[in-house]
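Note that the protein sequences, when read in sequence, are chains A and B.
Remember, our numbering sits 66 above the position in the first sequence when you count from 1.
Remember, our numbering sits 1331 above the position in the second sequence when you count from 1.
Where is the CB? At the ideal position from N, CA and C, for every residue including glycine.
It should be emphasised that the depicted structure is a prediction, and the values quoted were computed from it without experimental measurement.
Taking it in order: structure first as structure tokens, then the write-up.
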Amino acid sequence: MSVLPYLVAAWLLLVGCLGLATSRNLIHAVGCLAVCQASTYVLLLAVGYRRGGTAPVHSDLRPGSRPLVDPVVQALCLTDVVVGATVTALLLALVIQVSKRHGTVVPDELSGLRG
Amino acid sequence: MSHRLRACVLAVGLLGLAALLAAAAARLPGFGGLVHPYGDRAVHASLARHTANVVASVNFDQRAFDTLGEESILFGAVLGTVVLLRQTRDEREVEPAAVRVSRSVCRYALLALPVTLVIGLYVIAHGQLSPGGGFQGGVVAATALHLLYIAVDYRALERIRPVGIYEVVDAVGEAAYLVIGVAGLLAGAAFLAEFLPYGTFNTLASGGTVPLLNAAIGMEVAGAVIVLLARFLDQAVEMESGKDGIDGGSTNNSGNGSGNTKV
């Protein structure tokens, strides 16, 4: 009965949020968002872990011979990874456009509207 | 708002969130515990449908509809990136100069390329049996092509990577997933339901529609990753802003038969 893995996930989320809020560079901010997302992987895998369990793959494992870790959260984690990667790609593309149009990637300097 | 005030508000917010998360963590089921009701049911359902890899069964059978949404996010993100990173009026393409690559790097990358490609296809094809599947295998297969960029140069990569075709591959992968879903309807079951025979457990022909959906996803992910990387590499390697460039777009020669789709 340990809550350490859950606290690690919470800590990653908080550190990511702190970085997002204090970021001086949009690329750094996108990286911080990736750190926030990493916290969800840790949380999901911590929820699904089972002591003594093995991977939920039966290619060389007789069904029922050993306890398995939770496959549902692993599948959720996979979804999370894919969505995280695509969102990061889209945000980086936006940063490239911002840098081209405004000549800066510092959030505080991006106050003016431009058509 | 002053910097100081902003920092205070942030500190209050983060500390409050930290307290809430710590309180929530204390009420979660214990780490490594034995009670996993959803996991146990998912394993039973997967074995009943002859899919050896339970994660693949959850993704492409039990939660196939969610995977459709996930795939659509991938598709939408690629579409958005293509739109955001298109060539604008004040930019022009320049042909990147060839760079000398160390012999050993070149040899290793050319050796690794076919092996990586085969591993990618293997991971996609065996998604219902062993760890992996369409998402992972698609990324591996897409990475394989980019070894040519490391081994030779950008022109060589462009020759085996006509972006237009991979955009079509991406779209076909997305469409194939929907078609397999609709085929379930036509077979008299529900959308994205298993309608094929389950096959022999632990062989390639097992899991009903799971391998087909895996292949569709693999196709889409490979196309998507190639298109995404192509757009970002174009920005880094080929795009020059018109202002500080040398003389106009005369470098855009007709000799690049790489199926360039930039507008």
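- Of all alpha-carbon atoms in B/F1406, B/E1401, B/L1405, the one lying nearest the alpha-carbon of A/A141 is that of B/E1401.
- Taken through DSSP and simplified to helix, strand or coil, B/L1535 comes out as coil.
- By the beta-carbon neighbour count (other beta carbons within 10 angstroms, threshold 16), B/C1339 is exposed.
- Non-local beta-carbon contacts of A/T106 in its own chain, meaning distances under 7 Å to residues more than five positions away in sequence, involve D146 in chain order.
- With respect to the 8 Å criterion, A/A159 and B/L1488 are not classified as neighbours on the basis of their beta carbons.
- Chain B places a beta carbon closer than 8 Å to that of A/I162, counting this residue as a contact.
- In the structure shown, B/V1425 falls within a coil segment according to DSSP collapsed to helix, strand and coil.
- CA-to-CA, the gap between B/V1366 and B/F1396 works out to about 26 Å.
- A/T152 sits in a helix when the DSSP states are folded into three classes.
- Among the residues facing chain A, B/Q1566 is included, as its CB has a counterpart in that chain under 8 Å away.
- Using a Cβ distance threshold of 8 Å, A/P129 and B/L1378 count as a contacting pair.
- For the pair B/I1450 and A/L86, the Cα-to-Cα distance works out to about 37 Å.
- For B/V1446, the nearest beta carbon of chain A is not closer than 8 Å to its own beta carbon.
- Straight through space, the alpha carbons of A/S131 and B/A1373 are spaced by roughly 16 Å.
- A/A121 has a beta carbon lying within less than 8 Å of a beta carbon in chain B.
- Closer than 8 Å to the CB of B/N1390 there is at least one CB belonging to chain A.
- What A/P129 touches in chain B, judged by beta-carbon distance under 7 Å, is L1378, going in chain order.
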